[in-house]
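Engineer:
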Amino acid sequence: MQKYSSHNEPWNSFVDIKINAPELIKIDKNIPSILISSVTDPYRPLENKYKLTRKILEKLITLQPDLQIITKSNLVLRDMDLLKKFKHCEVTISLSCMNEKINKRLEPLASNPEKRINTLKQLHENSIRTILFISPIFPVLSDWEELIKRTRLFVDE
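So for the sequence shown, the working numbering puts the first residue at 5; every next one is plus one.
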């Protein structure tokens, strides 16, 4: 994103908060699907303060698009009440390794691996479609078989 912004800081050390994002949503019933988070996580720690993702979800409920969210954060559970109001909703949790120390160095703003696994379980138990996205896969560090084994009973894909 640096090439599209005026930031010179290293990736993941800056964030532009689009405080007007909820107001930019057009009420158009022809929106078939929406993916939230193709570049940056909608549940970064600053979401606790600004609640922009929550406000966006509130506006999208009336449109009822097929909704997909990708995150590395258990903060998505805060919005469970809203997610349940979508007819078609799926939440993808990205996870690359179970080692908490390595994970903290690779993804310092993300929830720890156990919290992410628990998030998948809670979403699934609340009838929200869940996807485990094993990414990035690091040789030796990413025990994808263990991740699948740990989550197979509550992950839909």
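Every residue gets a Cβ at the ideal spot worked out from N, C-alpha and C, and that includes glycine.
Mapping the DSSP letters down to three states, classify Gln186 as helix, strand or coil.
Structural biologist: Residue 186 lies beyond the range of the chain shown here (5 to 161); nothing can be said about it.
Engineer: Note the first and the last residue of the continuous beta strand (DSSP E) segment covering Arg133.
Structural biologist: Start and end: Arg133 to Ile138.
Engineer: Between the C-alpha atoms of Arg48 and Asp160, what's the straight-line distance to the nearest angstrom?
Structural biologist: Taking the straight line from one Cα to the other gives about 24 Å.
Engineer: In whole angstroms, what separates the C-alpha of Ile35 from that of Asp70?
Structural biologist: If I take the Cα positions, the gap works out to 9 Å.
Engineer: Quick check: what's the CA-CA separation for Leu28 versus Asn12?
Structural biologist: Approximately 27 Å between the Cα atoms of the pair.
Engineer: Can you tell me which of the three DSSP states Glu3 falls into?
Structural biologist: Here the chain has residues from 5 to 161 only, and residue 3 is not among them.
Engineer: Taking 6 Å as the limit between beta carbons, can you name the residues of its chain near Ile65, skipping five residues before and five after?
Structural biologist: Hits under 6 Å: Lys89.
Engineer: Verify whether the separation of the beta carbon atoms of Leu61 and Leu86 is less than 7 Å.
Structural biologist: In contact: Leu61 and Leu86 (Cβ atoms closer than 7 Å).
Engineer: On the criterion of 16 or more Cβ atoms from any shown chain inside 10 Å, does Asn107 qualify as buried, or is it exposed?
Structural biologist: By the neighbour-count rule (16 or more Cβ atoms within 10 Å), Asn107 is buried.
Engineer: Within 10 Å of its beta-carbon, does Pro14 have 16 or more other beta-carbons around it, so buried, or fewer, so exposed?
Structural biologist: With fewer than 16 Cβ atoms within 10 Å of its Cβ, Pro14 is classed as exposed.
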